[in-house]
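Colleague: Quick one: structure below, then a few questions.
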Amino acid sequence: MSRIETIQQKLIENKMDAVLITSPYNLRYASNFTGSTGLAVITKEQAFFVTDFRYTEQASEQAKGFEVIQNTGPIFDVVSELISTHKIKKIGFEENHVTFATYQTINASFNCALVPVGSLIEDIREIKDDAEIELIQEAISITEAAFEHILTYIKPGMTEIKVANELDFFMRERGASGVSFDTIVASGVRSAMPHGVASEKVIELGNMITIDFGCYYKGYVSDMTRTFALGDPGEELKAIHQIVLDANLKVTAAAKAGVSGSELDKIARDYITEKGYGEAFGHSTGHGIGLEVHEGPGINFKNDQPLVVGNVITNEPGIYIPGLGGVRIEDDLLITEKGNRNLMKSSKELIIL
Numbered sequence: 005m006s007r008i009e010t011i012q013q014k015l016i017e018n019k020m021d022a023v024l025i026t027s028p029y030n031l032r033y034a035s036n037f038t039g040s041t042g043l044a045v046i047t048k049e050q051a052f053f054v055t056d057f058r059y060t061e062q063a064s065e066q067a068k069g070f071e072v073i074q075n076t077g078p079i080f081d082v083v084s085e086l087i088s089t090h091k092i093k094k095i096g097f098e099e100n101h102v103t104f105a106t107y108q109t110i111n112a113s114f115n116c117a118l119v120p121v122g123s124l125i126e127d128i129r130e131i132k133d134d135a136e137i138e139l140i141q142e143a144i145s146i147t148e149a150a151f152e153h154i155l156t157y158i159k160p161g162m163t164e165i166k167v168a169n170e171l172d173f174f175m176r177e178r179g180a181s182g183v184s185f186d187t188i189v190a191s192g193v194r195s196a197m198p199h200g201v202a203s204e205k206v207i208e209l210g211n212m213i214t215i216d217f218g219c220y221y222k223g224y225v226s227d228m229t230r231t232f233a234l235g236d237p238g239e240e241l242k243a244i245h246q247i248v249l250d251a252n253l254k255v256t257a258a259a260k261a262g263v264s265g266s267e268l269d270k271i272a273r274d275y276i277t278e279k280g281y282g283e284a285f286g287h288s289t290g291h292g293i294g295l296e297v298h299e300g301p302g303i304n305f306k307n308d309q310p311l312v313v314g315n316v317i318t319n320e321p322g323i324y325i326p327g328l329g330g331v332r333i334e335d336d337l338l339i340t341e342k343g344n345r346n347l348m349k350s351s352k353e354l355i356i357l
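The opening position of the sequence shown corresponds to residue 5 in the working numbering, with each subsequent residue numbered one higher.
Right, here's the structure in full:
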């Protein structure tokens with residue numbers, strides 16, 4: 005079943021005549037369009053892609069299965085015409101991605117009922133097909149090569165930002181179109197900051213170093229974290245690293261279809277709490293990845309929905325001690341018929357350079 009057909013099936017299930025897609029990520033998922041201006045209207049029988057003269061040729065090449073329409077005036081005027089021509093009575097809209105000003109515009113101009121669709125398309129996106137998995141795997145391969153490179157590159161006296169830039173440039177040289185997010189390089193006491201984006205801090209001998217980074221490859225992301233040391237970081241941090249690694253391995257062992265995000269989160273959280281560091285693990289155990297670096301399903305206490313085959317999730321427990329440092333280890337897991345497959349091969353053992 006094509007993506008258009010899958011969305012059309014959801015329209016039937018939700019008793020809607022059409023859906024308006026304006027979110028860039030959902031638009032790319034539905035149409036494969038990579039430009040910056042456009043929207044889609046999918047009815048139960050047809051699919052329309054609306055864009056201006058700059059992108060009509062691109063849309064014609066990329067948006068297979070869509071009738072491409074060029075707008076010469078306000079883009080929502082074309083949608084209004086489609087609503088009238090195709091006698092659309094109820095159209096879904098992505099309320100999580102529409103500003104109040106846009107809502108006012110379409111509410112005034114569309115001669116039909118507006119129905120919020122919540123995460124309708126995001127829910128479809130949670131299940132990756134083989135082509136998506138291949139792109140995620142390639143993004144991961146680039147990221148892992150960058151990790152292996154940085155282990156030979158990093159030296160005492162370098163700043164965190166220098167290391168982050170080297171990671172970013174290396175990934176781009178290997179084919180990445182960009183980074184998944186601002187690269188995190190947090191060393192020494194800064195490693196106690198879960199999202200310690202690289203700073204001008206100088207990396208010193210004895211520092212524990214957490215790097216959390218990833219890249220985009222043909223629209224899909226990777227997300228990887230490893231914590232290693234430059235010289236001996238001390239006994240407590242070495243012990244913490246082992247606890248986090250054990251928690252990570254326990255989650256991997258349990259991750260399979262039918263297990264919920266909250267159950268996986270509890271496995272990591274209970275183990276870290278048992279070891280005396282429960283209060284030092286304040287974030288969720290993971291999240292989905294795909295077109296976005298944070299998407300469903302959530303691996304957290306709030307998500308009681310069971311995982312399904314085709315989900316790609318992160319597994320990233322951590323412990324953070326202010327004034328001392330921290331550890332996080334993160335893998336990307338594909339949920340399979342037999343359990344899961346770790347898409348990453350890089351060592352998670354404590355590396356002391």
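We put the CB at the ideal spot given by N, CA and C, even for glycine. All values reported here derive from a predicted model rather than from experimental measurement.
Going by DSSP, name the residue or residues bridged to T318.
Modeller: T318 is bridged to D336.
Colleague: Enumerate, from N- to C-terminal direction, the unbroken beta strand (DSSP E) stretches of 3 or more residues contained entirely within the stretch 61-133.
Modeller: Within the stretch 61-133, the complete beta strand (DSSP E) runs of at least 3 residues are 71-74, 94-97 and 117-120.
Colleague: Between which residues of its own chain and V263 is the CB-CB distance below 7 Å, once the five residues before and five after are set aside?
Modeller: Closer than 7 Å at the Cβ level, and outside the excluded window around V263, lie P310 and L311.
Colleague: DSSP three-state label for E278, please.
Modeller: The answer is helix: DSSP assigns E278 an H, G or I state.
Colleague: Between L357 and L234, is the Cβ-Cβ spacing less than 7 Å?
Modeller: Contact: yes.
Colleague: Below 7 Å between beta carbons: does that hold for L15 and V45?
Modeller: Not a contact, by the Cβ cut-off of 7 Å.
Colleague: Which partner residues of F53 appear in the DSSP bridge assignment?
Modeller: BP columns for F53 point to A44 and V72.
Colleague: Spell out a yes or no on whether the stretch 170-180 and the stretch 103-111 are touching, meaning 3 or more CB-CB pairs, one atom from each, closer than 8 Å.
Modeller: Flag = no, the stretch 170-180 and the stretch 103-111 do not touch.
Colleague: Between which residues of its own chain and L31 is the CB-CB distance below 8 Å, once the five residues before and five after are set aside?
Modeller: Cβ within range, chain order: I25, F37, G42, L43 and A44.
Colleague: Give me the DSSP bridge partner(s) of F232.
Modeller: Per DSSP, I213.
Colleague: Would you identify the three-state DSSP class for V206, choosing helix, strand or coil?
Modeller: Of the three classes helix, strand and coil, the one that applies to V206 here is strand, per DSSP.
Colleague: Do F53 and F70 come within 7 Å of each other at the CB atom, strictly closer than that value?
Modeller: Yes, they are a contact pair.
Colleague: How is T28 classed by DSSP in three states: helix, strand or coil?
Modeller: Before going further, note that residue 28 is Pro rather than Thr in the sequence given. Helix.
Colleague: Would you grab the beta carbon distance between K93 and A117 for me? Rounded to a whole angstrom, and I think it's under 8 Å.
Modeller: Indeed they touch by this definition, with Cβ atoms about 6 Å apart.
Colleague: Taking 7 Å as the cut-off, decide whether the C-beta atoms of N346 and D335 are in contact.
Modeller: Going by C-beta atoms, N346 is nearer than 7 Å to D335.
Colleague: Looking at the structure shown, is S264 part of a helix, part of a strand, or coil, going by DSSP?
Modeller: Looking at S264 - three-state DSSP - the assignment turns out to be strand.
Colleague: By the DSSP assignment, the beta strand (DSSP E) with I188 in it spans what residues?
Modeller: Segment I188 to S191, the beta strand (DSSP E) holding I188.
Colleague: Comparing C-alpha positions only, which one of L354, G282, L253 and I339 sits nearest to I131?
Modeller: With distances taken between Cα atoms, I131 lies closest to I339.
Colleague: Could you compute how far the alpha carbon of A35 sits from the alpha carbon of N304?
Modeller: It should be noted that the sequence gives Ser, not Ala, for residue 35. Computed Cα separation, rounded: 31 Å.
Colleague: R58 lies in the alpha helix (DSSP H); which residues open and close that run?
Modeller: From DSSP, R58 is part of no alpha helix (DSSP H); its letter is neither H nor E.
Colleague: If you count every other CB in all the chains shown that lies within 10 Å of the CB of Q12, and 16 or more means buried, which is it?
Modeller: Its Cβ being crowded by 16 or more others within 10 Å, Q12 is buried.
Colleague: In the DSSP assignment, what residue or residues form a beta bridge with T163?
Modeller: DSSP, once it has assigned bridges, lists V206 as partnering T163.
Colleague: Would you check if the stretch 290-303 and the stretch 198-212 touch, i.e. whether three or more CB-CB distances between them fall below 8 Å?
Modeller: Segments in contact, no.
Colleague: Just verifying my parser: in three-state terms, what is the DSSP assignment at A22?
Modeller: Strand, per DSSP.
Colleague: DSSP state of I303, grouped into three classes?
Modeller: It is a strand residue.
Colleague: Under a CB-based cut-off of 7 Å, is G69 close to chain B?
Modeller: Reference to chain B is not applicable here, since this structure consists of a single protein chain.
Colleague: With burial defined as no fewer than 16 other Cβ atoms inside 10 Å of the residue's Cβ, what is the status of G161: buried or exposed?
Modeller: Exposed is the call here.
Colleague: Can you tell me whether P326 is buried or exposed? The criterion is at least 16 other CB atoms within 10 Å of its CB, across all chains shown.
Modeller: P326 comes out exposed.
Colleague: Here's the rule: buried if 16 or more other CB atoms are within 10 angstroms of the residue's CB, otherwise exposed. What is H199?
Modeller: Exposed, by the Cβ-count rule.
Colleague: What residue from S226, T187 and E240 has the CA that sits closest to H291's CA?
Modeller: When only C-alpha atoms are compared, the closest one is S226.
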